[in-house]
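Below is one structure; the comments refer to it alone.
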Amino acid sequence: MAHAEGQHHPAAGQQHSAAGGQHHDQGQQHPLGIYFKIWGLLFVLSTASYLVDYFHFQGYLRWTLILVFMLLKAGLIVAVFMHMLWERLAIVYAILVPPLLLLVLLGIGAIEGDHTFFTRGVFFGTGSPTPVQGTGSAAAPAPHR
Amino acid sequence: MAQPALTGTGEALPRPEGLQGIVADWSSDQRAFKNVPWGKAMMWIFLLSDTFIFSSFLISYMTVRISTTVPWPNPSEVFALTIGGKSIPLILIAIMTFILISSSGTMVLAVNFGYRKERVKTFVFLLLTAALGATFVGMQAFEWTKLIVDEGVRPWGNPMGAAQFGSSFFMITGFHGTHVSIGVIFLIIVAIKVLRGDLDRMRPGFMTGRKGSYEIVETMGLYWHFVDLVWVFIFAVFYLW
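Protein sequences appear in the order of chains Z and P.
Residue numbering for the first sequence is 2 to 146, as defined by this note's numbering.
Residue numbering for the second sequence is 945 to 1185, as defined by this note's numbering.
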């Protein structure tokens, strides 16, 4: 294994690509500070999303806030904790682009769900939809909307 | 974007920036992921497939929730706990969230100390991560018990509303809990290898001829952060929605 050419300095962080012999075990090494900052930030964002529920925000405000906090947290975890920020683009794109396909499934699922809801209303509902699917547990009171 | 860090796979060749760099890496006659150790690349690809599994669960949950004509049980009330005579909405789930995030934090420290070759510190933080993970699973077991025994939630129905609530809940959190449990087991295995000095002595691991190295701590970390990542999505779309 090649020897380290005096690069074992955490603060130096990024080595130059053409720097020659790399020591075997010194890959993703970054100052600890950034981890603590992200850790704190994740706590703040989690608290914020909990407060959305605690204060009973409803409707679009609730959904927007939940999604924004969710995506921010996910981004921070992937970028810093999972080191995507420091990976080569070839692997970053190989991992992060394919999940975009799921948006198609999401769209299909939403259309399908709406359609099922509609047909259930047509077939089972007379005016207000009543509970039809699922037997529920024995003690289930009939819920109304 | 920051410069990519180098990992122990020999020299990484200089490359063009941006899209040209991606094309150059992928079209080279060597390996596409040039400075990524084999184990780490494979872990990422596994996590990608796992992403699709969890997404399928969450999207089917969305579909059944949209399509039901019966009101969905309010998670805020279902998962409320009474502490000191006062009912606090969703508090158990919030605590579980903080525990899992903290375990991600300790994991990232373990990875860092691993690359610094601080054997004992790495071991301690790995064990701390495993302990937090086990706590999470324990709280989940408590939550399941409460729901099944006290509230009468079943995969086919529940007293509070839409029958699909139970099936979605058990499927999604069950699969996630399984991931956490497996993670805890592997964390302990990696911790033992670290403490024994296997990685310092480059002793090959179980079922492989490859030399042991602290990269396995980072690979383990990827899995663990992914579990945390999935929880972020479950927390948002199942518990908070």
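Even glycine gets a Cβ: it sits at the ideal position worked out from N, Cα and C.
Nearest to T1163 (chain P) by alpha carbon, out of P:K978, P:D1094, P:A1054 and P:L1036?
P:A1054
Once DSSP output is grouped into helix, strand and coil, what is the label at S972 (chain P)?
Note: S972 (chain P) maps to coil in three-state DSSP.
Give me the chain Z residues within the contact set of M1006 (chain P), using Cβ-Cβ distance strictly less than 8 Å, ordered along the chain.
L107, G110, A111 and G114
Residues of chain P with CB under 7 Å from K74 (chain Z), in chain order?
V1176
Can I1045 (chain P) and L43 (chain Z) be called in contact, C-beta distance under 8 Å?
yes
Would you decide whether G962 (chain P) is buried or exposed? Buried here means 16 or more other CB atoms lie within 10 Å of its CB.
Here G962 (chain P) is exposed, its C-beta having fewer than 16 other C-beta atoms within 10 Å.
G1165 (chain P): which of P:S1031, P:M1104, P:G1049 and P:F1182 sits nearest, CA to CA?
P:G1049
Could I get the ranges of all uninterrupted beta strand (DSSP E) runs contained in the stretch 1008-1052 of chain P, with 3 residues as the minimum, in chain order?
1025-1027 and 1030-1032
CB contact below 8 Å: H1169 (chain P) versus chain A:
The structure shown contains no chain A; its protein chains are Z and P.
Taking P197 (chain Z) as the reference, which of P:L991, P:H1120 and P:L1131 has the closest Cα?
Nothing about residue 197 (chain Z) can be reported from this structure: the residues present for chain Z run from 2 to 146 only.
Taking only beta carbons into account, state which residues of the stretch 968-986 of chain P come closer than 9 Å to chain Z, listed in chain order.
A968, D969, W970, A976, F977, K978, N979, V980, P981, K984 and A985
Can the beta-carbon of R959 (chain P) be found less than 8 Å from the beta-carbon of A968 (chain P)?
yes
Just grab the DSSP bridge partners of N1102 (chain P) for me.
Per DSSP, P:G1105.
Taking only three categories from DSSP, how would you classify E1087 (chain P)?
helix
What is the DSSP secondary structure of G1141 (chain P), reduced to helix, strand or coil?
coil
Strictly below 9 Å CB to CB, what residues from chain P border Y61 (chain Z)?
Ordered by position in chain P, no residue passes the 9 Å Cβ test against Y61 (chain Z), which lies about 13 Å from the chain.
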